[in-house]
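K.L.:
Chains A and B are the protein sequences, given in the same order. So that you can map any letter, position 48 of the first sequence is 1523 in our numbering, and since no number is skipped, the others follow by simple counting. So that you can map any letter, position 65 of the second sequence is 1540 in our numbering, and since no number is skipped, the others follow by simple counting.
2 protein chains.
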Amino acid sequence: MARAATTTDAFNAVAEPRRREILDALAGGELAVGDLVELLGLAQPQVSKHLRVLREVGLVDVRDDGRRRLYRVNGAPLRAVHDWVAQYERLWNERFDLMDDVLDELGTRPPTDAGTGQGD
Amino acid sequence: MARAATTTDAFNAVAEPRRREILDALAGGELAVGDLVELLGLAQPQVSKHLRVLREVGLVDVRDDGRRRLYRVNGAPLRAVHDWVAQYERLWNERFDLMDDVLDELGTRPPTDAGTGQGD
DNA sequence: CAAACATATACCCATATGGGAATGCGTCAA
DNA sequence: TTGACGCATTCCCATATGGGTATATGTTTG
Chain A
1476 MARAATTTDA FNAVAEPRRR EILDALAGGE LAVGDLVELL GLAQPQVSKH LRVLREVGLV
1536 DVRDDGRRRL YRVNGAPLRA VHDWVAQYER LWNERFDLMD DVLDELGTRP PTDAGTGQGD
Chain B
1476 MARAATTTDA FNAVAEPRRR EILDALAGGE LAVGDLVELL GLAQPQVSKH LRVLREVGLV
1536 DVRDDGRRRL YRVNGAPLRA VHDWVAQYER LWNERFDLMD DVLDELGTRP PTDAGTGQGD
């Protein structure tokens, strides 16, 4: 087996830096392939291929405009990523960690910080 | 060129479902490789290899305990993922207006150093 | 109609992958 | 010491990747 396909889910699709750049560029609004080619400095086929992947996971939508194709972001699939990562927020935020200890010792969570002081 | 190495960053490391499972399992606390083997139903070498990747990107720390090795999560590297994805929250959240303000502020880099956040 | 333009596909290729199986190596038990 | 245990590493391999280049498809213009 090789690595999971990039089109498997948003996790894989977004692992590629170039695709993140594309999404960032599209964050400002609709853009045609040619615009992205200029903005990213990538070859046109490469951009089209990245867009294909993004489309397959639903991260972008397309709209025909004459001989151009306008792409736009659709962040919905990123929600899964966000939700998963959010669970680890506490692990890079020391405060939560300390708070956890404190709460653990107290045995219960006070309804609000009643100015418990900063003891430690 | 092939795909970027899985050890390139948290984005790539976490794109693999098994590695996410490992992190989820470790979220409860330290675990030995053998524990993970049982929990995930994977072969031991595979688990060790996934742990290697996670270690290389700093997502887990190890600790020797006799002939076992206890792994624990370190969510720090996930912060980059979280921060990037958070930019797109507005695309699946209805509160555009509020988010717009936030994004606007993110667009500028205040001279302040770390610690800003909203802690207060 | 043909020519120019915009985009998508097809091919080719070097590369890292993740699983399987075998093995190396340090640690604990008898 | 020998042997069992726990884990890491190595080798093998099918597979998808992303970039490069060439080409096919569709659209607008002359």
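Backbone N, C-alpha and C fix where the C-beta goes; we use that ideal spot for every residue, glycine too.
Measuring straight from C-alpha to C-alpha, what distance separates B:Leu1483 and B:Leu1501?
P.N.:
Walking along the second sequence from the start, residue 1483 of chain B turns up at place 8. Walking along the second sequence from the start, residue 1501 of chain B turns up at place 26. The question names Leu, yet the displayed sequence has Thr at residue 1483 of chain B. Between B:Thr1483 and B:Leu1501, the C-alpha separation is close to 21 angstroms.
K.L.:
Determine contact between the segment 1520 to 1532 of chain B and the segment 1535 to 1544 of chain A, defined as no fewer than three beta-carbon pairs at a distance below 8 angstroms.
P.N.:
Because the criterion of three Cβ pairs below 8 angstroms is not met, the segment 1520 to 1532 of chain B and the segment 1535 to 1544 of chain A do not touch.
K.L.:
Nearest to B:Pro1552 by alpha carbon, out of B:Trp1567, B:Ala1561, B:Arg1544 and B:Arg1530?
P.N.:
The count along the second sequence starts at 1 and reaches residue 1552 of chain B at position 77. Ranking B:Trp1567, B:Ala1561, B:Arg1544 and B:Arg1530 by Cα distance to B:Pro1552 puts B:Arg1530 first.
K.L.:
Is the number of C-beta pairs between the segment 1505 to 1522 of chain A and the segment 1551 to 1565 of chain A that are closer than 8 angstroms three or more?
P.N.:
Because the criterion of three Cβ pairs below 8 angstroms is not met, the segment 1505 to 1522 of chain A and the segment 1551 to 1565 of chain A do not touch.
K.L.:
Go ahead and pull the three-state DSSP assignment for A:Asp1558.
P.N.:
Taking the first sequence and counting its residues from 1, the one referred to as residue 1558 of chain A is at position 83. Helix.
K.L.:
Does any CB atom of chain A fall closer than 8 angstroms to the CB of B:Asp1588?
P.N.:
If you number the second sequence from 1, residue 1588 of chain B lands on position 113. Any reading at B:Asp1588 must be qualified, since the residue scores a pLDDT of 39, below 50, and its modelled position is unreliable; the value itself is stated next. So, not an interface residue.
K.L.:
Could you check which residue in A:Leu1511, A:Arg1543, A:Asp1510 and A:Thr1481 has the C-alpha nearest to that of B:Ala1490?
P.N.:
For the purposes of this step, residue 1490 of chain B is identified with residue 15 of the second sequence, where counting begins at 1. Nearest of A:Leu1511, A:Arg1543, A:Asp1510 and A:Thr1481 to B:Ala1490, Cα basis: A:Thr1481.
K.L.:
Note down the Cα distance separating A:Pro1492 from A:Val1532, rounded to an integer number of angstroms.
P.N.:
As a first step, residue 1492 of chain A is located in the first sequence; it is residue number 17 there, counting from the start. As a first step, residue 1532 of chain A is located in the first sequence; it is residue number 57 there, counting from the start. Whole-angstrom Cα-Cα distance: 16 angstroms.
K.L.:
Rounding to the nearest angstrom, what Cα-Cα distance links A:Leu1498 and A:Val1548 in this structure?
P.N.:
Within the first sequence, the letter at position 23 stands for residue 1498 of chain A. Within the first sequence, the letter at position 73 stands for residue 1548 of chain A. Roughly 6 angstroms between the two C-alpha positions.
K.L.:
For B:Val1535, which of B:Leu1506, B:Arg1478, B:Met1476 and B:Trp1567 has the nearest alpha-carbon?
P.N.:
Numbered from 1 along the second sequence, position 60 holds the residue referred to as residue 1535 of chain B. With distances taken between Cα atoms, B:Val1535 lies closest to B:Leu1506.
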